[in-house]
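Protein chains: 2
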Amino acid sequence: MFSKSCKYAMRAVLYLALNGNEEKKLGVKEIADELNVPKHFLAKLLQQLSKNQLISSTKGPSGGFYLNDQNKETSLRKVVETIDGPEVFNTCILGLPVCSSENPCPLHFKALEYREGLLEVVEGKKIEELARRIKDENLTI
Amino acid sequence: MFSKSCKYAMRAVLYLALNGNEEKKLGVKEIADELNVPKHFLAKLLQQLSKNQLISSTKGPSGGFYLNDQNKETSLRKVVETIDGPEVFNTCILGLPVCSSENPCPLHFKALEYREGLLEVVEGKKIEELARRIKDENLTI
DNA sequence: GTAATAAAAGACAAAAAGGTCTTTTATTAT
DNA sequence: ATAATAAAAGACCTTTTTGTCTTTTATTAC
Chain A
1 MFSKSCKYAM
11 RAVLYLALNG
21 NEEKKLGVKE
31 IADELNVPKH
41 FLAKLLQQLS
51 KNQLISSTKG
61 PSGGFYLNDQ
71 NKETSLRKVV
81 ETIDGPEVFN
91 TCILGLPVCS
101 SENPCPLHFK
111 ALEYREGLLE
121 VVEGKKIEEL
131 ARRIKDENLT
141 I
Chain B
142 MFSKSCKYAM
152 RAVLYLALNG
162 NEEKKLGVKE
172 IADELNVPKH
182 FLAKLLQQLS
192 KNQLISSTKG
202 PSGGFYLNDQ
212 NKETSLRKVV
222 ETIDGPEVFN
232 TCILGLPVCS
242 SENPCPLHFK
252 ALEYREGLLE
262 VVEGKKIEEL
272 ARRIKDENLT
282 I
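Those sequence lines, one after another, are chains A and B.
Heads up, the first sequence is in this note's numbering, so the first residue is 1 and it goes up one at a time.
Heads up, the second sequence is in this note's numbering, so the first residue is 142 and it goes up one at a time.
As structure tokens, this is what we get:
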């Protein structure tokens, strides 16, 4: 479903939401170490997210990555779509060039249902709310 | 979710179920042309399926690929697991090394729920039955 | 204004996935 | 037996994805 890059990015954003804030910015090193992902590789992903204003950053001492108020309001879906492209959620699971409810493949409707459910999770809540849920329900990232 | 290889393989098996039989074996060329997939690449996938007894083949004139009675009884799931490995259906959607109902990631339950849905389609019916359904409901492969 | 810090940028490298082409082997129809 | 056929096998090649390392740029604390 999601590329490794995308998984790293999602987790990093959630990590930022859970452990950082505008006053306590986090460096790539910390995030990478905590999430167990390759540091320099993650750095590029964060840069990409930063360029797309899904996360914020400042350079220099006491600099790092964080989520500003606007960032916290966006959905994880944007992170996914920034990294894996917007088609992730609607390409045919059998790889057919055309596959729709009018012209479905054998897996179409189940796949659709599947994706709707996932979309609900990554889009239904703001990052902020998702982070809250992660804390409350003691989920792992 | 599924690799390209896996998609090609699934479609090819369904194509065999729909268009061939023990008396009318199909060559890679026909299958590849019809499904619009790279011929030699598909050939290897079919070889792999054949080795694993998910499809049958004979060499030489009037030879080709087909499904014997046993093959028709198996599920698409086996095809998937032969090509993409058995873990496809239970690796964490966020890529976490441990992610279970006891120790879930934020997407765990939704991912589980809908993977079950997909499993139902690829495992709930024999190839034969699935092919029947494709015919009846005029689905695309 | 200088040194230290941390992200940004960019050049490579390694691994995996996807794809092509050629040779070999088995089968069958003649 | 032989020629023709089609899968099996294997050697490569290309592209994409993933990962590493180095240099540059911006910021801040002193």
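The beta-carbon is built from N, C-alpha and C at its ideal position, and this holds for glycine as well.
None of these values were measured; they are calculated from a predicted model.
Check, Outcome
"Are the C-beta atoms of Pro245 (chain B) and some chain A residue less than 8 Å apart?", "yes"
"Quick check: is the beta carbon of Gly236 (chain B) nearer than 8 Å to any beta carbon in chain A?", "yes"
"List in chain order: all unbroken alpha helix (DSSP H) runs of 4+ residues lying wholly within the region 229 to 279 of chain B.", "249 to 265 and 268 to 277"
"Spatial neighbours of Ser100 (chain A) within its chain, please: C-beta separation below 8 Å, excluding the five flanking residues on both sides.", "His108"
"Using the beta-carbon of each residue, which ones in chain B are nearer than 7 Å to Tyr15 (chain A)?", "Neighbours of Tyr15 (chain A) on chain B: none; closest Cβ ~12 Å, over 7 Å."
"Of all Cβ atoms in chain B, is any one closer than 8 Å to the Cβ of Val79 (chain A)?", "no"
"Looking only at its chain, what residues have a beta carbon closer than 8 Å to the beta carbon of Val154 (chain B), apart from the 5 residues adjacent to it on each side?", "Leu190, Leu195, Ile196, Leu208, Leu217, Val220 and Ile268"
"Report the CB separation of Thr140 (chain A) from Leu237 (chain B) in whole angstroms; it is logged as a contact under 8 Å.", "6 Å"
"So, with DSSP's three-state summary, where would you put Phe2 (chain A)?", "coil"
"Measuring alpha carbon to alpha carbon, tell me which of A:Pro104, A:Lys44 and A:Arg11 ends up nearest Leu35 (chain A).", "A:Arg11"
"What number of angstroms, rounded off, separates the C-alpha of Cys233 (chain B) from the C-alpha of Gly204 (chain B)?", "42 Å"
"With 8 Å as the threshold, decide whether the Cβ of Glu34 (chain A) is near any Cβ in chain B.", "no"
"Sorted by chain position, which residues of the same chain lie with C-beta nearer than 6 Å to Ile97 (chain B)'s C-beta, five sequence neighbours on each side aside?", "What the structure shows of chain B is the stretch from 142 to 282, and residue 97 (chain B) is not part of that stretch, so it cannot be assessed."
"Determine, for Ile224 (chain B), whether the minimum Cβ-Cβ distance to residues of chain A falls below 8 Å.", "no"
"Looking at the strands, I want to know which residues DSSP matches up with Leu167 (chain B).", "B:Phe206"
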